[in-house]
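K.L.:
Heads up: the sequence lines are chains A and B, in that order. Residues in the first sequence are numbered from 3 upward in steps of one, following the working numbering. Residues in the second sequence are numbered from 3 upward in steps of one, following the working numbering.
Protein chains: 2
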Amino acid sequence: MKKDLKGTCIIGQSGGPTSVINTSLLGAVKAGLASSSITRVLGALNGIEGVLKDELIDFDKEDPNELELLRQTPASVLGSCRYKLKDYNVDDKDYRRILEIFRKYDVRYFFYNGGNDSMDTCNKISKFMIENNYECRVMGIPKTIDNDLAGTDHCPGYGSAAKYIAQICTELALDARVYPNGPVVILEVMGRNAGWMAASSALAGIHGVGPDLIFLPEVPFDLEDFIEQTKEIYAKKKTAVIVVSEGIRDKDGIYISEYGSDLAKQKDSFGHAQMGGLAAYLGNALKRATGLKVRPIELSLLQRCASHSVSKADSDEAYMAGYEAVRYATSGGTDKMAGYKVVREKDYYRCSIEFVPLEQVGGVEVHFPKEWMNEAQTGVKKEFIDYCLPLIQGELDYVKEDGMNKFAKLKKVKA
Amino acid sequence: MKKDLKGTCIIGQSGGPTSVINTSLLGAVKAGLASSSITRVLGALNGIEGVLKDELIDFDKEDPNELELLRQTPASVLGSCRYKLKDYNVDDKDYRRILEIFRKYDVRYFFYNGGNDSMDTCNKISKFMIENNYECRVMGIPKTIDNDLAGTDHCPGYGSAAKYIAQICTELALDARVYPNGPVVILEVMGRNAGWMAASSALAGIHGVGPDLIFLPEVPFDLEDFIEQTKEIYAKKKTAVIVVSEGIRDKDGIYISEYGSDLAKQKDSFGHAQMGGLAAYLGNALKRATGLKVRPIELSLLQRCASHSVSKADSDEAYMAGYEAVRYATSGGTDKMAGYKVVREKDYYRCSIEFVPLEQVGGVEVHFPKEWMNEAQTGVKKEFIDYCLPLIQGELDYVKEDGMNKFAKLKKVKA
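1) How would you list, in chain order, the residues of chain A whose beta-carbon sits under 9 Å from the beta-carbon of L205 (chain B)?
2) Around the C-beta of R297 (chain A), are 16 or more other C-beta atoms found within 10 angstroms, so that it is buried, or is it exposed?
3) Alpha carbon to alpha carbon, what distance is there between G207 (chain B) and K384 (chain B)?
4) Would you check if there are 3 or more beta carbon pairs closer than 8 Å linking the segment 34 to 53 of chain A to the segment 174 to 189 of chain A?
5) Does the beta-carbon of S333 (chain B) have 16 or more other beta-carbons within 10 angstroms, so that it is buried, or is it exposed?
6) Quick check: is the beta carbon of H209 (chain B) nearer than 9 Å to any beta carbon in chain A?
7) Helix, strand or coil: which one does DSSP assign to M406 (chain B)?
8) DSSP three-state label for K343 (chain B), please.
9) For A275 (chain A), name the three-state secondary structure that DSSP assigns.
10) What did DSSP end up calling R99 (chain B) once you bin it into helix, strand or coil?
11) Enumerate, from N- to C-terminal direction, the unbroken alpha helix (DSSP H) stretches of 4 or more residues contained entirely within the segment 329 to 398 of chain B.
12) For V246 (chain B), list the residues DSSP reports as bridge partners.
13) Report yes if the CB atom of S82 (chain B) is closer than 9 Å to the CB atom of N48 (chain B), and no otherwise.
14) Do the segment 136 to 151 of chain B and the segment 64 to 72 of chain B touch if we need at least three Cβ pairs shorter than 8 Å?
15) Identify the contact partners of C307 (chain B) in chain A, using a Cβ-Cβ distance below 8 Å as the criterion.
16) Can you give me the C-alpha to C-alpha distance between S311 (chain A) and C138 (chain B), rounded to a whole angstrom?
17) I'd like to know whether the C-beta of K165 (chain A) is nearer than 9 Å to at least one C-beta of chain B.
18) Check the DSSP bridge columns for T292 (chain A) and list the partner residues they point to.
19) In this structure, how does DSSP classify K106 (chain A) when only helix, strand and coil are distinguished?
20) Look up S202 (chain B) in the DSSP assignment and say whether it is helix, strand or coil.
21) Tell me, to the nearest whole angstrom, how far the beta carbon of Q395 (chain B) is from that of A315 (chain B); I am working on the premise that it is less than 8 Å.
22) Excluding the 5 residues flanking Q362 (chain A) on each side, which residues of the same chain have their C-beta closer than 7 Å to its C-beta?
23) Suppose the cutoff is 7 Å on Cβ atoms and the five residues either side in sequence are ignored; what does the same chain contact list for L393 (chain A) look like?
24) What does a CB cutoff of less than 7 Å around G365 (chain B) pick up in its chain, not counting 5 residues either side in sequence?
25) Can you tell me which of A:C353, A:P213, A:A323 and A:C124 puts its alpha carbon nearest to the alpha carbon of I167 (chain A)?
26) Could you name the residues that DSSP lists as bridge partners for G153 (chain B)?
27) Beta carbon of F409 (chain B): closer than 8 Å to some heavy atom of the ligand FAD?
28) By the DSSP assignment, the alpha helix (DSSP H) with G29 (chain B) in it spans what residues?
29) Chain A partners of V180 (chain B), CB-CB under 7 Å?
30) Just verifying my parser: in three-state terms, what is the DSSP assignment at F223 (chain B)?
31) Can we say the segment 329 to 344 of chain A touches the segment 190 to 206 of chain B, given the rule of at least three CB pairs closer than 8 Å?
32) Leaving out the 5 sequence neighbours to the left and right, which residues in its chain are closer than 6 Å to V245 (chain B) when beta-carbon positions are compared?
33) Between the C-alpha atoms of C11 (chain A) and R194 (chain A), what's the straight-line distance to the nearest angstrom?
34) I'd like the span of the beta strand (DSSP E) that includes I140 (chain B), first residue to last.
35) As a quick exercise: from A:L27, A:Y261, A:T146 and A:L303, pick the residue whose alpha carbon is nearest that of L284 (chain A).
36) What's the gap between the Cα of T172 (chain A) and the Cα of P19 (chain A)?
The structure is reproduced here in structure tokens:
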């Protein structure tokens, strides 16, 4: 592979946003604009769909000051998609279209920022280009609040989500103590299969005010146990804060959230039945069993878009991942994801980039390690705190406008 | 009334917390500790209940550095109550007990931080003391995220809640635009009778990304209109952000949230029915009528305890209200609430304290002015933006610990 491959690069964002997904984009854009190998830096609107539809924008036309604001701009500024490419041995229509677009713009670099599906997409595109003798370097930039990607110590976006959840959890726990008999707060956080998000709430507890019970999808959930454990805590503390992963399942693998939706379907035939989410379901079950006052809270989109609560460590690392992915490609590398390699020692933390083959990442989900849970499996051990704490350090120095965070308004000039 | 009344002061917190209720407490405590008229500064645990139960703590025993953290400590640090004193002409048992406690500690100053019920409590206590020839100066310090108190331009706590809601609303609106066909986000905020909280979401819109429709309790809510208006917006934007006050009512005055709870009761007899809140109810109604994807989000406790998002303006004013209430009392004043008087001119804002008779505040609710709503009554006019914007300016310089905001841990030594 020659080192001096010259041509256009395309950068795309995929899957659900994180608070720092635009920071990785900024890193990649800045590296692209600085590189002598990259002739044009384009962005794909709505991920791979933007390539297929020839909806590309030119980053050279953007105001550099506005681009800097990407560090504090919530959601995916290029838009996202959940489009899944087929196996090209079965149907190569999309791939031929991508090749057509790559030829049209002389695209020699493709950077895709997403989760494990996106790494799979990258891998497929790269292989197709090789088989069709089109030289193009393809790199994955990781991103997910779920922290479930293989080949990396942790994922860009997780630290900020963890910081937000931990902060909120302290605030809720203190609020729940205001009245002599407080409510049971049930906080539902994202995480369909992996408990990293729910576990991060435990950081709130290191100063004495945090969640009392944490339920992860890795541990079979039992409704009766949950009620008993909550009652015990309430008897002592006159309040309780419970954190649940949206993906908790019973011993038969059935999602607890489906207990609720099955009932919703059932009631729909009566006319107007409606459902809250998992937190509401558990709250009602607890209320019926104990008579306690319950406050079910579903964090919903807030946990992935709360860019007012970005971790500086996460932001800096996300920028580095974007930037280094481009540097690696322009130095001749391809087919890798820019993962994190970390040194953690007492009071010392260093994160650098390690390039991981895409095929080791696509389709793999990394679960929360059982050995980091406490004996009752309703909380975490110090090992997790030591792992997670460096990821939530520091704050952004936000640019403000009228008392609110200023967000980037890109011109999005068509390429 | 003599100017040099010497004795103990008691400070109490009442009702739901705000992000700056502890900052008013700090202001009052610091003024009390600095005053030569006040011999001891005591705090009542859980408001007036702490007085009745003789559960008082001594602020002189607290570490001054820890006290400073009150500016960034969520929830009511002394605890709160919703205890309502009876009319003493009907039953004066509680009042006699309060007098007994006041005598025990030589209490000559009583400061109560709360909403309009609390101002009523202050007023009753003051009158009882006068009738019983016990000299005691009684002052109210306002507080409520609802912004519905009479006798003040705005309420301590409202600015921070407004700042949080506006910030979140921008983040949610940007997140909702990530996919080509976004969800309808329905954000439920507090405000049983007054729409100030919901209205504050409009601040998000001044930079182009905010709520599309805002429904206040002051305007009769029509479910069909809501569905039609949302459909129209969605047709144009492929997403919509709707903000609703928890207290919206139909033309017959029935709370829309009760539509849901009536159904809940009805379904309960079948066994397991459960309900989300108002946002979930509206979301389901919209989904049934239009098939659109909906994301109902109930901000719940977050909007009153999100002390990670304090407005500096609100914080400074809340401190001033607490401090000035004490200064006024030690100068001979009594039976007043420390309200805000504001000068607003183009690019100029000044807030000072105006003392308002307690009887003008107790039991009165100030509604959102109809003349500040747009013609369709689904949004606000510039007059409101000009009113509210100064209240959300500036940020605290937070003291951090392990990447999270440090909160005050008081010793709470019994008096």
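Heads up, the beta-carbon is just placed ideally off N, CA and C, and yes, glycines get one too.
P.N.:
For this structure:
1) D404, G405 and M406
2) buried
3) 11 Å
4) no
5) exposed
6) yes
7) strand
8) strand
9) Because A275 (chain A) sits at a pLDDT of 41, beneath the cut-off of 50, its placement in the model cannot be relied upon, and the following sentence gives the value as read from the coordinates. If DSSP states are grouped into helix, strand and coil, A275 (chain A) belongs with coil.
10) helix
11) 384 to 390
12) B:E190 and B:F217
13) yes
14) no
15) E173, L174, L176 and D177
16) 45 Å
17) yes
18) Its beta-bridge partners do not exist; DSSP assigns none.
19) helix
20) helix
21) 5 Å
22) A152 and G153
23) Excluding residues within five positions, the ones whose Cβ falls inside 7 Å are H156, Y160, G161, A164, S313, A315 and D316.
24) Answer for G365 (chain B): N118 and D122, listed in chain order.
25) Cα-wise, what sits closest to I167 (chain A) is A:P213.
26) Answer is none; G153 (chain B) lacks a bridge partner.
27) No copy of the ligand FAD appears in this structure; indeed no ligand is present at all.
28) I23 to A36
29) P19, A77, S78, G81 and S82
30) coil
31) No, the segment 329 to 344 of chain A does not touch the segment 190 to 206 of chain B.
32) Same-chain partners within the cutoff: L189, A200, S203, P213 and I216.
33) Taking the CA atoms as reference points, C11 (chain A) sits about 34 Å from R194 (chain A).
34) The question names Ile, but residue 140 (chain B) is Val in the sequence shown. Boundaries of the beta strand (DSSP E) harbouring V140 (chain B): R139 to P144, taken from the DSSP string.
35) A:Y261
36) Rounded to whole angstroms, T172 (chain A) to P19 (chain A) spans 24 Å at the Cα level.
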